[in-house]
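Just below is one structure, and these are the notes that go with it.
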Amino acid sequence: MNLDLERDFPTIDWESHLAARTQGMKSSAIRELLKMTQIPDIISFAGGLPAPELFPLREVEEACRHILREDGEEALQYGATEGYTPLKEFLATQMHKYGIPSKPENVLLTNGSQQALDLLGKVFLDPGQYTLTGEPTYLGAIQAWNAYQARYHTIPLDNNGMIVDEVEQAYEQALEDSGKPPAFIYVLPNFHNPAGTTLSWERREKLAEIATRLDLPVVEDDPYGQLRYEGEDIPPIATLIPERTIYLGTFSKTLAPGLRIGWIVCPEALMLRFVQAKQGCDLHTGTLAQYVTNDICQRGLLKPHIQQLCKIYKERRDTMLDSLAEFWPESCSWTRPEGGLFLWARVPDSIDTEEFLRKRTLKEKVAYVPGINFYPNADGGHHAMRLNFSYAPPETIVEGIRRLGVALKKALAE
Ligand SMILES: Cc1ncc(COP(=O)(O)O)c(C=O)c1O
Numbered sequence: 005m006n007l008d009l010e011r012d013f014p015t016i017d018w019e020s021h022l023a024a025r026t027q028g029m030k031s032s033a034i035r036e037l038l039k040m041t042q043i044p045d046i047i048s049f050a051g052g053l054p055a056p057e058l059f060p061l062r063e064v065e066e067a068c069r070h071i072l073r074e075d076g077e078e079a080l081q082y083g084a085t086e087g088y089t090p091l092k093e094f095l096a097t098q099m100h101k102y103g104i105p106s107k108p109e110n111v112l113l114t115n116g117s118q119q120a121l122d123l124l125g126k127v128f129l130d131p132g133q134y135t136l137t138g139e140p141t142y143l144g145a146i147q148a149w150n151a152y153q154a155r156y157h158t159i160p161l162d163n164n165g166m167i168v169d170e171v172e173q174a175y176e177q178a179l180e181d182s183g184k185p186p187a188f189i190y191v192l193p194n195f196h197n198p199a200g201t202t203l204s205w206e207r208r209e210k211l212a213e214i215a216t217r218l219d220l221p222v223v224e225d226d227p228y229g230q231l232r233y234e235g236e237d238i239p240p241i242a243t244l245i246p247e248r249t250i251y252l253g254t255f256s257k258t259l260a261p262g263l264r265i266g267w268i269v270c271p272e273a274l275m276l277r278f279v280q281a282k283q284g285c286d287l288h289t290g291t292l293a294q295y296v297t298n299d300i301c302q303r304g305l306l307k308p309h310i311q312q313l314c315k316i317y318k319e320r321r322d323t324m325l326d327s328l329a330e331f332w333p334e335s336c337s338w339t340r341p342e343g344g345l346f347l348w349a350r351v352p353d354s355i356d357t358e359e360f361l362r363k364r365t366l367k368e369k370v371a372y373v374p375g376i377n378f379y380p381n382a383d384g385g386h387h388a389m390r391l392n393f394s395y396a397p398p399e400t401i402v403e404g405i406r407r408l409g410v411a412l413k414k415a416l417a418e
């Protein structure tokens, strides 16, 4: 047979073959933006990237060598959907230390917490069903749940996180609009992505009381809780209402996102559903990455590594806050996060941050994420932006914030 591999194939109309739910699926604005920010020399405050020079390369190398020598056959074999038992045990103990009453049976290892968000959609969301979320909120959660045709009622944030007094009204609205209670409420308690705010203890207690009264499941997404640079830790919502909280954790910000290791802690009655949902996606999380993560944790290397991260990220946060105060017009404002990777800045109403990025700041070779991307109903955030402070070194942060300040002053003067 003579196969012509170079010939052109006719295009067919794929869209007409696809499921209706693909209509709500969009590429992540941040991933698209990250492509734009491949421009050489650009200063990017856009991604949520950890500082690559702080990755624990030596520890991972040692772990790989050790594992392949001692447990190579198991580490390269299929594994249990629930995850590698020693790592589940480590995480259950860790969660216990935070006050969450967990056993290894309550822990499911996932491909990053992004997969946990997708599994939540698969297990909880009927087409057209509402979820409740703070606004702004994590873009990746919207992306995951849009694929399940979710709808959103939102609750505004202030400097103490979600204004939980407004939860009940959002719940009633969802019930009225769809005849069904919302599937769950999504909360980012610590160093919110994108807002940088932390939910106060009083509000966590209030939310626990409201969720219990309304019989509402709570999703507590906590990738940044261990990256605290000042102030006291606040116990997770899961310590108050473990029976109705699905807690999400990840090693992406504390070790490396490329490992793709996250976890869910949830009541045992729910675990089987997540396991079934996960089996259909990927059978299980990568075995070798779980072994490597476990090796680093069991050797006690995680804690000193996080301490090192906190030291460097605190410097970068302080640099960004100082530079904002020095270079930005007084009519702008921003949050002052006690940890995490982001702050949220507001500019005067005459500036639309999407247009400002496209028309001005990319030319000045600085990028950020416009606020609208964090509004699930695309109805706000026009005069806000998310700035990441973990990725760029301090001198680059100063220069990037300076360039943005100059551009802002120019735009306001026109
Ligand atoms: C709030 C939040 N949830 C989940 C994720 C997904 O993280 P990963 O899948 O890398 O664990 C992120 C990543 O930035 C995040 O900010």
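Quick note on my numbering: the sequence shown kicks off at 5 and runs consecutively.
All C-beta atoms, glycine included, are put in the ideal place defined by N, C-alpha and C.
Short of 8 Å from the beta carbon of R25, and not among the five residues preceding or following it, lie these beta carbons of its own chain, in chain order: P131, A151, Y152 and Q153. Residues E139, P140, G375 and I376 of the same chain have their beta carbon placed closer than 8 Å to that of G384, with the five preceding and five following residues left out of the count. In the three-state reduction of the DSSP assignment, T323 falls in the helix class, which pools H, G and I.
DSSP places F360 in the uninterrupted alpha helix (DSSP H) bounded by T357 to F360. With a 10 Å radius around the Cβ and a threshold of 16 neighbouring Cβ atoms, N6 comes out exposed.
Taken through DSSP and simplified to helix, strand or coil, N392 comes out as strand.
One residue after another in chain order, those with a Cβ under 5 Å from a heavy atom of ligand 1 are G52, G116, S117, Q118, Y142, N197, D225, P227, T254, S256, P261 and G266. Counting other Cβ atoms within 10 Å of its Cβ, S256 reaches 16 or more and is therefore classed as buried. DSSP places D299 within a helical segment (H, G or I) once states are collapsed to three. Going by DSSP, E224 is part of the beta strand (DSSP E) stretching over V222 to D225.
DSSP places H70 within a helical segment (H, G or I) once states are collapsed to three. Between E93 and P108, the C-beta gap is smaller than 8 Å, which places the two residues in contact. Its chain contains R350 as the residues whose beta carbon lies nearer than 6 Å to that of S337, once the 5 sequence neighbours on both sides are disregarded; these appear in chain order.
Contact between the stretch 321 to 334 and the stretch 386 to 403 is present, with at least three C-beta pairs closer than 8 Å.
The alpha-carbon of Y190 is positioned some 50 Å away from that of R11. Residues L179 of the same chain have their beta carbon placed closer than 6 Å to that of P185, with the five preceding and five following residues left out of the count. The stretch 160 to 169 and the stretch 192 to 209 touch, with no fewer than 3 CB-CB distances between them shorter than 8 Å.
With contacts defined as CB atoms closer than 8 Å, D225 and L252 qualify as a contacting pair.
By the Cβ neighbour-count rule, T114 is buried, with 16 or more other Cβ atoms within 10 Å of its own.
Straight across, the Cα-Cα distance linking H386 with E272 is about 42 Å. T89 is positioned such that its CB atom lies no closer than 8 Å to that of V279. DSSP places L136 within a strand segment (E or B) once states are collapsed to three. The beta-carbon separation of A242 and T249, rounded to 4 Å, stays under the 8 Å limit for a contact. Under the DSSP definition of a beta bridge, G266 partners with T114 and T254.
Annotation for T158: the continuous beta strand (DSSP E) segment containing it runs R155 to D162. Close CB contacts of A215 within its chain, under the 7 Å cut and outside five residues either way in sequence, are with I189, V222, I245 and R248 (chain order).
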